[in-house]
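Chains as they are written, first to last, in our numbering: chain A, 157 to 620; chain B, 157 to 620. Reading through the structure tokens given below for one structure.
Number of protein chains: 2
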Amino acid sequence: MIEALAAACTDLITDPDLLVSYQRDEADLCDSAPPLAVARPTTTDEVARLVAVAAAHRIPVVPQGARTGLAGGANAGANALVISMTRMNRILGVDPANRTATVQAGVINRALREAAREHGLTYPPDPGSWETSTIGGNVATNAGGMCCVKYGVTAEYVLALTVVLADGEVLRCGRQTAKGVAGYDLARLFVGSEGTLGVITEVTVKLRPQAEPGLTLVAEFPSVAEAGAAVARITAAGLTPSLLELLDGPMVAALEAYRPMGLDTGVGALLLASADTGSKAADDLDRIAACCGSAEVHRATDAEEADALLAARRNAHPALEHLAATTFPGGGGAVVVDDVAVPRSRLVDLIEGIARIGERTGVIVATVGHAGDGNLHPNLIIDRTDPASLAAGRRAFDDIMALGLELGGTVTGEHGVGLLKRDWLERELGPVGLRVHHAVKAALDPAGILNPGKVIAPPVDSPA
Amino acid sequence: MIEALAAACTDLITDPDLLVSYQRDEADLCDSAPPLAVARPTTTDEVARLVAVAAAHRIPVVPQGARTGLAGGANAGANALVISMTRMNRILGVDPANRTATVQAGVINRALREAAREHGLTYPPDPGSWETSTIGGNVATNAGGMCCVKYGVTAEYVLALTVVLADGEVLRCGRQTAKGVAGYDLARLFVGSEGTLGVITEVTVKLRPQAEPGLTLVAEFPSVAEAGAAVARITAAGLTPSLLELLDGPMVAALEAYRPMGLDTGVGALLLASADTGSKAADDLDRIAACCGSAEVHRATDAEEADALLAARRNAHPALEHLAATTFPGGGGAVVVDDVAVPRSRLVDLIEGIARIGERTGVIVATVGHAGDGNLHPNLIIDRTDPASLAAGRRAFDDIMALGLELGGTVTGEHGVGLLKRDWLERELGPVGLRVHHAVKAALDPAGILNPGKVIAPPVDSPA
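So, in structure tokens, the structure goes:
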């Protein structure tokens, strides 16, 4: 079987020392094991041959991009063939007349942006991992980011896909046109399916004209509730900031402890907002500032200062890692990144509920997120070597999921289900939704070899 | 069986004189027959009971909105149960804080807009039928319109759906949040599925802040090629007009013959363009005008004149009906509305190819459409009582589809597949795409009772 895989793809890794490094993504609390083998194809044909061999031998296939995922969606199992897409990194074309680009799935988000910029265009979706994550991974998880409040998520930029199906056949779906309604929207079905319905090998995305550089402000609020109320006023005023991020007090304190930049660590919450509406941007920022009421508002005076503010936001994750390491100096400190979205009108309820959950469970929770979308990332600081801390962390995690659903929200706004939230997905979907998920999965992957166990639990006779 | 249907829904029509009026939509060249019965439910529960009865008796179910479709997607067969959604016309709520509205599927597009306007919001998708068509029908066909060039199609506004499945179970899918990636995008799978995967009974849509009133210009070009080149320049300049419509010479002549308004009937093509960017609109319109090169550009001096220009565009269909009636005074004159989209860069090739097809087949073709999206409607003027004219019309229709595919486009930009383009869809999808369509259909409707024969041909053992 290994011979058949090696015949399908010349770059096949079976050295146990190397396999370990393809074991998992960046999610905590998820199982993983070194895979059987890792193939690194460079063409769709190679992927098709690999999947055909896997189908013949009923080997689970786990597609991987840069393994920056936060839900265990790329985690391997001991009997799995990992297909690493990182060598499929060619930009196949940028078409300025149609404002599209076609890339292999392993192209890094940043590389696509740079290629688009040469034509005065941009690819907006900007997950936190944009400098290292792949477009294929972004599509497979329907990645979000800070721009979404104005420019939308990855799904809104996907026009066409090339996908290797569970039997090794190659499907081209979607379209190269601005509009089209020919048949079912199969391309959209693969977006966000986390490798469970097919292996995405090529992607055609929409591009946009580059936006004007944004103007940015930061507003300091005495409480998160007041920051949430400002977000509601901004929405109600019909404003569309190009970025609207919230950082709560513990998050601000963690940032300041990690890289001091003069932030007031006694603050209740910060809002970061940008406007990129060209000649209207200063006016729009004035209106956003007015919505912040009595908060102390500071405008970045130039692009450099604006970049510094946004870099602080981008530093959230390393700052939290630092907080975990200093809180639990024994080496067991870890950050469990959560991801929950609620209707915008329930943002304050979510923020306050998260704080209460932290108090109740005794877990340090620092929250940052895309306030304009009602999508927050509560970060749980735990000691993974301490069973009590781990248990409290799991309790806090579950309570936050339950709170999100109770507020009419979803258990994942942008990070995906993977292994981490499979049980919670079942609760969100309900029995009818779950049944339809199983029916769709069985229609596209009847033997259950594609990323088994991710998103939904496999049926009993699955190879997983 | 009729008794069981009557028990499921009190408003059940079986009078043959009435059934005739539920036979078909507005598409030409498509088969239809009066149905067995027409049910007019007012709740999701009634729809669920109806479908359960139909499933038990293997009766084909044909969902209908306002029957304004242009592809035969709502056409009935002799043994079908039509579920007319027109009495499910309640607006269930407008939520300004979250910028959403939830409506029953039979709510008219216009009524939703009016309800949104009371909150300073709008529902942008504006198919030609917006004053009479239903939101359920708009969603089932993923309807487009003139706004799409800036604001996108129906799919981009659908957040959540309630759908009655083929076995009568009720699925709630999608989300009430701005973002969410919990599981497969089932809501998007139903959008554009033309009633073949489930009966949509309730819809939650995104709303937007109302745009500022647009400024509008009309540009007269000596040839359609020059109008197409202007469209390419507008795109290349990074401009995003809120409307960018093209009318070719025959279309302009038909409009002027129908309602004289002083249009130059010797013109090669007109472009209509609007900008709704508030304080930037006049500048943007200047830039659009500059892209029109040496064309004669006339700006509407006030909102009334702009409305008159857009009304002329909205009159395209009655003007073509008038042209058909006067061209073939024997009463057989008919307009076959086609719908094809190509990559924007191929717009001129499409326009010129359509003109050549008209000449070659001897069919009068008048073209109007959404130039900014590369989506055109060539209208074929035929005499349906003359077999030679009908045959020539079919030939022209097929040649236009083939041309669209040859140019890298799609056989339907916004009208859908229905019965009219089923064979052409197979050509567009290819064997793998078609197989996946059949697999998805079988997963959701194993007995094949939902709108059988629409979009894809039914398998041999289907009830259709």
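Glycine included, every Cβ here is placed at the ideal spot set by N, Cα and C. Bear in mind that the values here come from a model prediction, so they are computed numbers and not experimental data.
Listed in chain order, the positions of the stretch 356-380 of chain A with a beta carbon within less than 9 Å of a beta carbon of chain B are Arg364, Pro365 and Gln366. Annotation: the continuous beta strand (DSSP E) that includes A:Lys362 extends over Val355 to Lys362. Using beta-carbon distances, A:Ser501 counts as an interface residue toward chain B, with a partner under 7 Å. In the three-state reduction of the DSSP assignment, A:Phe484 falls in the coil class. Contact with chain B is found for A:Gly300, since one of that chain's Cβ atoms lies less than 7 Å from the residue's Cβ.
Contact between A:Asp420 and A:Ser398 does not hold, since the beta-carbon distance rounds to 25 Å and is not under 8 Å. The distance from the Cβ of A:Asn245 to that of A:Gly262 is about 4 Å, consistent with a contact at the 8 Å cut-off. For A:Cys447, the enclosing alpha helix (DSSP H) begins and ends at Ala437 to Cys447.
Of the candidates A:Val314, A:Pro485 and A:Gly394, A:Gly394 places its Cα closest to the Cα of B:His275. Residue-level contact by beta carbon holds for B:Asn254 and chain A, with a gap shorter than 7 Å. Near chain A, meaning a CB-to-CB distance below 7 Å, the residues of the stretch 526-552 of chain B are Asp529, Gly530 and Asn531. The DSSP assignment places complete alpha helix (DSSP H) segments of no fewer than 4 residues inside the stretch 324-384 of chain A at 342-346, in order along the chain. CA-CA distance, B:Tyr279 to B:Ala272, rounds to 7 Å. Taking every protein chain shown into account, the CB of B:Ala212 has fewer than 16 other CB atoms within 10 angstroms, so this residue is exposed. With a cut-off of 8 Å on Cβ pairs, the stretch 590-604 of chain B is not in contact with the stretch 197-205 of chain B, counting fewer than three such pairs. The beta carbon of A:Cys448 sits closer than 6 Å to the beta carbons of Ala375 and Ala386 from its chain, once the five residues preceding and following it are set aside; these are given in chain order. At least one CB of chain B lies nearer than 7 Å to the CB of A:His593.
Distances from the CA of A:Leu427 to each of A:Glu452, A:Lys436, A:Arg415 and A:Gly418 were compared; the closest alpha carbon is that of A:Glu452. Selection B:Asp495, B:Ser349 and B:Ile247 evaluated against B:Ala311 yields B:Ser349 as nearest (Cα-Cα).
The CB of B:Val347 comes closer than 8 Å to the CB of Asp341 in chain A, given here in chain order. For A:Gln332, the chain B residues whose C-beta falls within less than 8 Å of its own C-beta are Pro499, Gly564 and Gly565, listed in chain order. When C-alpha distances from B:Gly489 are compared across B:His478, B:Arg243 and B:Ser188, the shortest belongs to B:His478.
Per DSSP, A:Ile537 lies in no alpha helix (DSSP H) segment; the continuous beta strand (DSSP E) that holds it begins and ends at Asn531 to Asp539. In this structure, B:Gly586 lies away from B:Ala497, with their beta-carbon atoms at least 7 Å apart. The residues Leu411, Tyr414 and Arg415, in chain order, have a CB closer than 8 Å to that of B:Asn471 in the same chain once the five nearest residues on each side in sequence are set aside. A Cβ-Cβ contact shorter than 7 Å links A:Ala193 with A:Leu168.
Note that the C-beta distance between B:Pro534 and B:Thr523 is below 7 Å. For the 7 Å CB-CB criterion, A:Leu315 and A:Ile356 do not form a contact. Interface flag for B:Lys335 against chain A is set, since a Cβ pair is found closer than 7 Å. According to the DSSP assignment, B:Ala316 belongs to the beta strand (DSSP E) that extends over Val314 to Val320. Counting only the Cα atoms, B:Leu403 lies some 44 Å from B:Thr170. Residues of the same chain with a CB within less than 7 Å of the CB of A:Phe484, apart from the 5 flanking positions on each side, are Asp539 in chain order. Taking all protein chains in view, the Cβ of A:Ala429 is crowded by 16 or more other Cβ atoms within 10 Å, so the residue is classified as buried. Relative to the Cα of B:Val493, the nearest Cα in the group B:Glu460, B:Pro281 and B:Val567 belongs to B:Val567. Using a 10 angstroms sphere on the CB of B:Ser450, the tally of other CB atoms stays under 16, which defines it as exposed. Between A:Gly221 and A:Gly292, the C-beta gap is smaller than 7 Å, which places the two residues in contact.
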